[in-house]
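Q: Sequential numbering from 1 applies to the sequence shown in UniProt numbering. Please read through the structure below; I'll follow up with questions.
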Amino acid sequence: MIFIGIFGIKNSEEKIRDVDFECTGCLSEKVELYAIRKVLELFFIPIITLRKSHIIACRSCKSSYQLKENKMEEVLLKGKVRYDDVEKILKEF
Ligand SMILES: [Zn+2]
């Protein structure tokens, strides 16, 4: 029996919705919210979600920001992200 290569870790991203946020990079307000999951797979079948986080990405300049997970409920409800909801800047152009 061969055990090599049956496990894999995959990052998946899923677009949730457009949100209101003024990008600090280009001041555009066209920003998309994504759920990022790190998933452990067995034979290419997702078994366990190791980590889940949410980011927003600017459509114009591709800047991205990681959001605070404890603010996600409010963000999803209102469709609006405030600077206070941002955990850290991942990439700014
Ligand atoms: Zn931008």
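The beta-carbon is built from N, C-alpha and C at its ideal position, and this holds for glycine as well.
Terminal residues of the continuous beta strand (DSSP E) containing V75?
A: Unbroken run through V75 is the alpha helix (DSSP H), M72 to K78; no beta strand (DSSP E).
Q: Examine ligand 1 and report whether any of its heavy atoms sits within less than 8 angstroms of the Cβ of K62.
A: Indeed, a heavy atom of ligand 1 lies less than 8 angstroms from the Cβ.
Q: Report the partner residues of I36 according to the DSSP bridge assignment.
A: DSSP, once it has assigned bridges, lists E13 and S53 as partnering I36.
Q: Whose CA, out of R17, L50, P46 and T24, lies closest to the CA of I6?
A: For the residues R17, L50, P46 and T24, the minimum Cα distance to I6 belongs to P46.
Q: So, under 8 angstroms CB-CB, K15 and E32 are touching, yes? Tell me the CB distance rounded to an integer number of Å.
A: So it is a contact: roughly 6 angstroms between Cβ atoms.
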